[in-house]
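Protein chains in written order, with full-length UniProt numbering: chain A, 1 to 380; chain B, 1 to 297.
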């Protein structure tokens, strides 16, 4: 009886295993097609992309000819080198059998990853570039410990970090790699189009959620006449460079912020939160605002000289209040022993406009680029 | 006639119906619990498969990490995971079997040594994984060992993390071996070590295999300590040794899932399927080992 039961159990178990294994098989064999909803959803910026179907399951957002800023190349293979730099031949023939270790800000990560992808394509994979995302602070610690060759940062190096590097005898060069703007976003149903710095300050100052004079618990407290009710605040977690930057823009100090908001390191949470609530307001990188323009409305910002739209041009010319520079720090001794580092940075700066656009950043201006090139060349 | 042949029918009609209703209600509750768990799991799995299946092709499996959704792949992550998890699993399994055999066969249950080791293991089993990451950062990656952010460091820390689970499972397996095996061996003149090696351990293999798979599965799905230990977001080559840099599948999934571009969701789902497939293969291997060793007994 017992043996019989056990056999039956075994049979049951094997049936269960087959069933579990069958799920992916069935799932793959169901005829698939691209739904109309997915088609509409994929290439959001109709002014920049045109939709192309590849086979039955893929959609590709092809960049429309003539649209330059924020244009994204969907595939490495479509990167046309001829148009980009005359120096490509030099890079391709450079024997750079070496590894470059980069770590730091997750904000700068996409920029460096795109640059690395393109660079590795030209050097036929002879250079191994690895990029970590331990955050600006974490990257700086590693950098000043001598553990990495380059550190990405969404803010300039702080005095304590400078001291740490000096203590370990690490000489470095600061290079400005791109501009990033922060966008303040609200739900599209919110009638607000422009917000002043003072209103933001009032909304995000510490302990402003409590009731009493000068409190900011509802939209009406901040914007007179706004009837959306209680504020639903979304923001960056305190480990992220975005948190530091936003507070510096608004309060002048990187750690000053109210704490009763939905804090996250993942900007997608803010996107979904603001999209899902009429009273939602949040902030994140400008590139996210472009990607999510349908569900999140980016506000104009008034720092005293009128409302300024969050556009690339306004970020570059400095009129938009919430723009920040992104840096990478190069360890001088690494650059001396690994020639590929200098090649990589020169390659990046030569193509910074395209790479910046592909990674959804605001590219360097001509003057910024000139300074950066000079800085890289000066590394001995 | 039928009433006489089928006693349950006659009983239900006579035994009070209230109790039977309660019985049914409880059974329904149990079924509801099971269904809730299974349906949630199935919905999640099916959703993931439906989302990710468009990416399940050779290009995806052989591609490396990428900032572009369409040529993002998992090759370096698969190899990174194997490089990190397999040595961790094997080394901690060996240590776990040794510890378990020592505790079960060579010490008395009431001895102070065993009480101390028991307490340590139970405490370690409850430590959150990120704490192992911090420990590894301070003592393995930096500090005394100074191994840097390499495969070696990650492997050692994961081995430490899954060791308590493995020890507990191995002990249970060894304890379940009937004492008649040992008594028989001793009666034939075996030493304690001969008895353990030739009788107890072979008989415990099925249980140890089941338990170790739990540990290895946990290591394979872990990302929190590895973020502390420098697992990378962008790598374009597979590790070729223990001194190399690496990324692992759970970290790739995390990275792809948090990208702004919604196309990356498909890549994330694809990576999840790959991770599940690896887990299934591992489990299946353990089941095969278990059945083989059962047959040979």
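C-beta: ideal position from N, C-alpha, C; glycine also.
Everything numeric in this text was worked out from a predicted model, so none of it was measured.
- When only Cα atoms are considered, residue 148/A and residue 168/A end up about 13 Å apart.
- What residue 354/A touches in chain B, judged by beta-carbon distance under 7 Å, is nothing: the nearest beta carbon there is about 13 Å away.
- Counted as a single uninterrupted DSSP element, the alpha helix (DSSP H) harbouring residue 46/B occupies residues 17-52.
- The residues 250, 275, 279, in chain order, have a CB closer than 8 Å to that of residue 221/B in the same chain once the five nearest residues on each side in sequence are set aside.
- Taking a C-beta cut-off of 8 Å against chain A, the contacting residues of the region 214-243 of chain B are 227, 230, 231, 232, 233, 234, 235, 236, 237, listed in chain order.
- DSSP, reduced to helix, strand and coil, places residue 306/A outside both helices and strands of the structure shown, so it counts as coil.
- Under DSSP, residue 130/A forms a beta bridge with 101/A.
- About 6 Å separates the CB atoms of residue 184/A and residue 195/A; that is less than 8 Å, so the two are in contact.
- Around the beta carbon of residue 33/B, fewer than 16 other beta carbons lie within 10 angstroms, which makes this residue exposed.
- Per the DSSP secondary-structure output, residue 150/A pairs in a beta bridge with 102/A, 330/A.
- Closest option to residue 217/B, judged by alpha-carbon separation, among 176/B, 16/B, 93/B: 93/B.
- Going by C-alpha positions, residue 338/A is about 15 Å away from residue 116/A.
- The C-alpha of residue 235/B lies about 9 Å from the C-alpha of residue 113/A.
- Taking residue 164/A as reference, the option from 207/A, 144/A, 311/A with the minimal CA-CA separation is 144/A.
- What residue 67/B touches in chain A, judged by beta-carbon distance under 7 Å, is 110, 113, 114, 117, 359, going in chain order.
- Sequence-distant Cβ neighbours of residue 223/A in its own chain, meaning closer than 8 Å and more than five residues away, are 192, 195, 199.
- Against residue 129/A, the close residues of chain B are 234, 235, 236, in the order they occur along the chain (beta-carbon pairs closer than 9 Å).
- By DSSP's assignment, residue 194/A forms a beta bridge with 300/A.
- Under the three-state reduction of DSSP, residue 180/A is assigned to strand.
- For residue 147/A, the nearest beta carbon of chain B is closer than 8 Å to its own beta carbon.
- In its chain, beyond the 5 residues on either side, 104, 105, 153, 154, 155, 241 have a beta carbon closer than 7 Å to the beta carbon of residue 136/A.
- Scanning its chain for C-beta atoms nearer than 6 Å, with the 5 sequence neighbours on each side dropped, one finds around residue 216/A the residues 202, 203, 208, 222, in chain order.
- Note on residue 274/A: 16 or more other CB atoms within 10 angstroms of its CB, so buried under the neighbour-count rule.
- Around residue 148/B, the beta-carbon contacts reaching into chain A at under 9 Å are 147.
- Judged by pairs of C-beta atoms under 8 Å, the region 150-160 of chain B does not touch the region 194-203 of chain B, as fewer than three such pairs exist.
- In terms of CA proximity to residue 357/A, 179/A leads the group 131/A, 332/A, 179/A.
- Among the residues facing chain A, residue 132/B is not included, as its CB has no counterpart in that chain under 8 Å away.
- Annotated as proximal: residue 140/A and residue 161/A, with beta-carbon spacing under 8 Å.
- For residue 234/A, the uninterrupted beta strand (DSSP E) segment begins and ends at 232-236.
- Annotation for residue 264/A: no alpha helix (DSSP H) segment contains it, though the beta strand (DSSP E) segment containing it runs 262-264.
- Beta bridge pairing from DSSP links residue 78/B with no other residue.
- Taking a Cβ-Cβ cut-off of 7 Å, the neighbours of residue 132/A in chain B comprise 230, 232, 233, given in sequence order.
- Within the model, the alpha-carbon separation for residue 307/A versus residue 331/A is close to 41 Å.
- Remark: C-beta atoms of residue 249/A and residue 322/A approach each other more closely than 8 Å.
- Under the three-state reduction of DSSP output, residue 379/A falls in the coil class, being neither helix nor strand.
- Taken residue by residue, none of the region 13-43 of chain B has a beta-carbon sitting less than 7 Å from a beta-carbon on chain A.
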